[in-house]
Amino acid sequence: MIFKTQLSEQIAKKQSNICVGLDSDYEKLPESVKKDSSLADAVFQFNKEIIDATADITPVYKLNMVCYAGYGIDGLIALKRTNEYIKKNYPEIKIIVDSKRSEMKRTAELAAKELFDEFLFDATTVTPWFGFDTIEPFLNYKDKAVFVLCHDSNPSAGDLQDVTLQSGEKLYEYLTKMVVGSWDKVGNILVEGPLTYPDILKRIIELSPDDQFFLAAGLGAQGGNIEDLKLFPNKDRFVVNASRSVIFASPAEDFAEKSHEVVEEYRKTIRLFFE
Numbered sequence: 000m001i002f003k004t005q006l007s008e009q010i011a012k013k014q015s016n017i018c019v020g021l022d023s024d025y026e027k028l029p030e031s032v033k034k035d036s037s038l039a040d041a042v043f044q045f046n047k048e049i050i051d052a053t054a055d056i057t058p059v060y061k062l063n064m065v066c067y068a069g070y071g072i073d074g075l076i077a078l079k080r081t082n083e084y085i086k087k088n089y090p091e092i093k094i095i096v097d098s099k100r101s102e103m104k105r106t107a108e109l110a111a112k113e114l115f116d117e118f119l120f121d122a123t124t125v126t127p128w129f130g131f132d133t134i135e136p137f138l139n140y141k142d143k144a145v146f147v148l149c150h151d152s153n154p155s156a157g158d159l160q161d162v163t164l165q166s167g168e169k170l171y172e173y174l175t176k177m178v179v180g181s182w183d184k185v186g187n188i189l190v191e192g193p194l195t196y197p198d199i200l201k202r203i204i205e206l207s208p209d210d211q212f213f214l215a216a217g218l219g220a221q222g223g224n225i226e227d228l229k230l231f232p233n234k235d236r237f238v239v240n241a242s243r244s245v246i247f248a249s250p251a252e253d254f255a256e257k258s259h260e261v262v263e264e265y266r267k268t269i270r271l272f273f274e
């Protein structure tokens, strides 16, 4: 429960539920950052400026692995430099990797080693559709955490996840009960749910214990409504990810300043819901 406790403390201290998503696709970076720089240097410098601008008002960052790995070794170098920078300068801030890994046996162990030991992440997202044994190696890192996608935020997620079982339950409901019940053996399983589907998010919350911690996906560019964050019963037990709407708030040299403004606006709006 180390990750969950420490993240909740940061949320309360900073009065912020915003997870800044550093989905720093090189092709979308401002020209002022890319000019006369290598890909690795440009992505790292962009991330560094975003981090320095928002570290006072965010408890956690999330990096999508493919936004870096898609550019090969240089992208992964930028990713690791980013995480090392956060660990050195803002050690209180947690780092999530959006990797959606689902491996088996030894490959799952190596995936956990890659993300936690080599790239210094504090938590990862995983897809549960191959069963518990593909998640267990991640859970063996007791000081780390796993966000299980109980229902995704994309338009076609319901094609599979909303299927009705013979019991009358939806598939995502059956899955959620397993994830927060028998799968969560030591308290380091957390739940990711869709802000883009508020009725489903509400049901996931209803099926979860009072002390469950959540990651809400879909705020900003995906169209999730910030008002629906009122669904969460505890203001210090959830974070909501915002990526493109924050980091690409401006294509000009003031991108870091604008990112701070967007996060601060989100932060204040959310906190008003719980006053």
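Position 201 of the sequence shown, counting from 1, maps to 200 under numbering that gives the first Met the number 0, and the rest follow consecutively. Here a beta-carbon is modelled for each residue, glycine too, at the ideal position from N, C-alpha and C. What you are looking at is a predicted structure, and each value in this text was computed from that prediction instead of being measured.
Would you mind sorting residue i into buried or exposed? The rule is 16 or more other CB atoms within 10 Å of its CB.
{"i": "ALA251", "result": "exposed"}
{"i": "GLN211", "result": "buried"}
{"i": "THR4", "result": "exposed"}
{"i": "PRO154", "result": "exposed"}
{"i": "PRO136", "result": "buried"}
{"i": "ARG236", "result": "buried"}
{"i": "GLU172", "result": "buried"}
{"i": "ASP253", "result": "exposed"}
{"i": "THR268", "result": "exposed"}
{"i": "THR81", "result": "buried"}
{"i": "ASN88", "result": "exposed"}
Going straight from the alpha carbon of residue i to that of residue j, what length do you get?
{"i": "MET103", "j": "LEU170", "result": "22 Å"}
{"i": "SER98", "j": "MET64", "result": "6 Å"}
{"i": "VAL239", "j": "LYS86", "result": "21 Å"}
{"i": "ILE1", "j": "ILE95", "result": "14 Å"}
{"i": "ASP22", "j": "ASP227", "result": "23 Å"}
{"i": "SER25", "j": "LEU164", "result": "Per the sequence presented here, residue 25 reads as Tyr, with Ser not at that position. Rounded to the nearest angstrom, the two C-alpha atoms are 43 Å apart."}
{"i": "PHE213", "j": "ILE225", "result": "15 Å"}
{"i": "ASP116", "j": "LYS79", "result": "11 Å"}
{"i": "HIS259", "j": "GLY167", "result": "45 Å"}
{"i": "GLY180", "j": "GLU256", "result": "43 Å"}
{"i": "PRO232", "j": "ASP73", "result": "42 Å"}
{"i": "THR133", "j": "ASP183", "result": "14 Å"}
{"i": "ASN46", "j": "PRO208", "result": "35 Å"}
{"i": "SER15", "j": "PRO197", "result": "21 Å"}
{"i": "ARG270", "j": "GLY130", "result": "36 Å"}
{"i": "ALA248", "j": "ALA54", "result": "17 Å"}
{"i": "GLY223", "j": "SER244", "result": "12 Å"}
{"i": "LEU114", "j": "PHE120", "result": "6 Å"}
{"i": "ALA110", "j": "VAL32", "result": "32 Å"}
{"i": "PHE272", "j": "LYS141", "result": "33 Å"}
{"i": "ILE92", "j": "PHE118", "result": "15 Å"}
{"i": "GLU48", "j": "ILE246", "result": "10 Å"}
{"i": "GLN160", "j": "PRO90", "result": "37 Å"}
{"i": "GLY157", "j": "CYS149", "result": "11 Å"}
{"i": "TYR84", "j": "LEU206", "result": "38 Å"}
{"i": "ARG266", "j": "VAL162", "result": "35 Å"}
Could you spell out where the beta strand (DSSP E) holding residue i opens and where it closes?
{"i": "LEU148", "result": "144-148"}
{"i": "TYR60", "result": "59-63"}
{"i": "ILE312", "result": "Nothing about residue 312 can be read from this structure; the chain reaches only from 0 to 274."}
{"i": "GLU191", "result": "188-193"}
Could you spell out the range, first to last residue, of the alpha helix (DSSP H) harbouring residue i?
{"i": "PRO136", "result": "135-138"}
{"i": "LYS3", "result": "1-13"}
{"i": "LYS169", "result": "It is not in any alpha helix (DSSP H) - LYS169 carries neither H nor E in the DSSP assignment."}
{"i": "ASP51", "result": "38-53"}
Would you mind giving the Cβ-Cβ distance between residue i and residue j, rounded to the nearest angstrom? I have them listed as a contact below 8 Å.
{"i": "ALA41", "j": "LEU62", "result": "Not quite, the Cβ-Cβ distance comes to about 16 Å (not below 8 Å), so this is no contact."}
{"i": "ALA77", "j": "PHE43", "result": "5 Å"}
{"i": "LEU218", "j": "LEU194", "result": "6 Å"}
{"i": "VAL262", "j": "ILE50", "result": "Going by Cβ atoms, the distance from VAL262 to ILE50 rounds to 11 Å, so no, they are not a contact pair."}
{"i": "ALA220", "j": "GLY192", "result": "Not really, about 18 Å apart at Cβ, beyond 8 Å."}
{"i": "GLY71", "j": "SER242", "result": "Rounded, the Cβ-Cβ distance is 21 Å, inconsistent with contact."}
{"i": "VAL185", "j": "LEU230", "result": "No, VAL185 and LEU230 are not in contact; Cβ-Cβ is about 27 Å, not under 8 Å."}
{"i": "TRP128", "j": "SER152", "result": "At roughly 16 Å, the Cβ-Cβ gap does not stay under 8 Å, so TRP128 and SER152 are not in contact."}
Can you determine whether any heavy atom of the ligand GTP sits closer than 7 Å to the C-beta of residue i, and answer yes or no?
{"i": "GLY71", "result": "This structure lacks the ligand GTP; in fact it carries no ligand of any kind."}
- Message: For the structure I just gave you, are there three or more beta carbon pairs, one from the segment 45-64 and one from the segment 5-22, closer than 8 Å?
- Response: With the cut-off at 8 Å, the segment 45-64 and the segment 5-22 touch.
- Item | Sufficient close CB pairs (3 or more, under 8 Å) joining the segment 34-54 to the segment 168-176 | no
- Are at least three pairs of beta-carbons, each pair with one atom in the segment 118-125 and one in the segment 137-152, less than 8 Å apart? yes
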